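**Q** The structure that follows is given in the form of structure tokens.
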Amino acid sequence: MEFGLEEIRPGVQAAVVAIPDENLLQGRLRQFGFTVGTELSCRYRSPGRDLVALAFGGTMIAVRVADLGGIRCRRCDG
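Note that the sequence shown covers residues 229 to 306 in this note's numbering.
Right, here's the structure in full:
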């Protein structure tokens, strides 16, 4: 089942299924190796719920939830 990356919660593991062309961070995320097919996990969500820490491919980044709009993921079991 797909969901928007902005909805991810700590401890959830997911795989990216779509990054829209209109996402303003698309180029920057690609520089970190964040592309369709990337498996990631949510490590932290700020108390205000406006920041999320994502770990993937040996990298951890913190991103504003507002910048994750349109990125679609599917949950990975295990």
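Each residue gets a CB set at the ideal place from its N, CA and C atoms; glycine is no exception.
Quick caveat, the model's predicted, so the values are computed rather than measured.
For the segment 236-303, which segments carrying the beta strand (DSSP E) assignment without a break, of at least 3 residues, lie completely within its bounds, in sequence order?
**A** Within the segment 236-303, the complete beta strand (DSSP E) runs of at least 3 residues are 241-246, 267-273, 279-284, 287-292, 300-303.
**Q** Thinking C-alpha only, which one of Y272, P248, Q259 is nearest A290?
**A** Counting from 1 along the sequence shown, the entry for residue 290 is found at position 62. Cα-wise, what sits closest to A290 is Y272.
**Q** Take L252 as the anchor and find which of V244, D295, G232, G265 has the nearest alpha-carbon.
**A** Here residue 252 corresponds to residue number 24 of the sequence shown, with the count starting at 1. Looking at the Cα atoms, D295 is the closest of the given residues.
**Q** So E230 is in the beta strand (DSSP E); what residue range does that whole segment cover?
**A** As a position in the sequence shown, residue 230 is number 2, starting the count at 1. Its beta strand (DSSP E) spans residues 230-232.
**Q** Among residues of its own chain, excluding the 5 on either side of P238, which ones have a beta-carbon nearer than 8 Å to its beta-carbon?
**A** Reading the sequence shown from its first residue, position 10 is the one you call residue 238. Only C270, R271, Y272, R273 meet the Cβ criterion.
**Q** Looking at R302 and V240, is the spacing between their C-beta atoms short of 8 Å?
**A** Taking the first residue of the sequence shown as 1, we reach residue 240 at position 12. Taking the first residue of the sequence shown as 1, we reach residue 302 at position 74. It is not a contact, given that the beta carbons lie outside the stated cut-off.
**Q** Cβ atoms of R256 and D278: under 8 Å apart, would you say?
**A** Here residue 278 corresponds to residue number 50 of the sequence shown, with the count starting at 1. Here residue 256 corresponds to residue number 28 of the sequence shown, with the count starting at 1. Contact: no.
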